Amino acid sequence: MAIQEAVIVAKDILRKFPNKFDSIIKDFCLKLDDFIEPESKSAIIWMIGEYAEKINDSEKLIDRFAD
2 MAIQEAVIVA KDILRKFPNK FDSIIKDFCL KLDDFIEPES KSAIIWMIGE
52 YAEKINDSEK LIDRFAD
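For the sequence shown, this note's numbering assigns the number 2 to the initial residue and increments by one for each residue that follows.
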């Protein structure tokens, strides 16, 4: 799935250019159920953790991956 690869690439971009493209994170957070591959899950978890102050209910979003 393209969204799986997109979130991985977005994570790499955000690591290279912190706080420059962080607006995309909110869009990815709307698609949490689409991330089924381990690498894409870890990428979105990293984004949520790294930018938690900019995301509403970031703790609840992280909890969805706790199981």
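Note that CB positions come from ideal geometry on N, CA and C, so glycine has one too.
Everything numeric in this text was worked out from a predicted model, so none of it was measured.
Taking C-beta to C-beta, are V10 and F29 nearer than 8 Å?
Start at 1 with the first residue of the sequence shown, and residue 10 comes out as number 9. Start at 1 with the first residue of the sequence shown, and residue 29 comes out as number 28. Result no, Cβ atoms of V10 and F29 do not sit closer than 8 Å.
Look at F36 and I45 and say whether their C-beta atoms are less than 8 Å apart.
By 1-based counting over the sequence shown, the position of residue 36 is 35. By 1-based counting over the sequence shown, the position of residue 45 is 44. A contact, by the Cβ cut-off of 8 Å.
Could you give the first and the last residue of the continuous alpha helix (DSSP H) run that contains I63?
Counting from one through the sequence shown, the residue named residue 63 turns up at place 62. Note, I63: alpha helix (DSSP H), 59-64.
Quick one, which of L15, L33, P39 has its alpha-carbon nearest D64's?
Taking the sequence shown and counting its residues from 1, the one referred to as residue 64 is at position 63. Nearest C-alpha to D64: L33.
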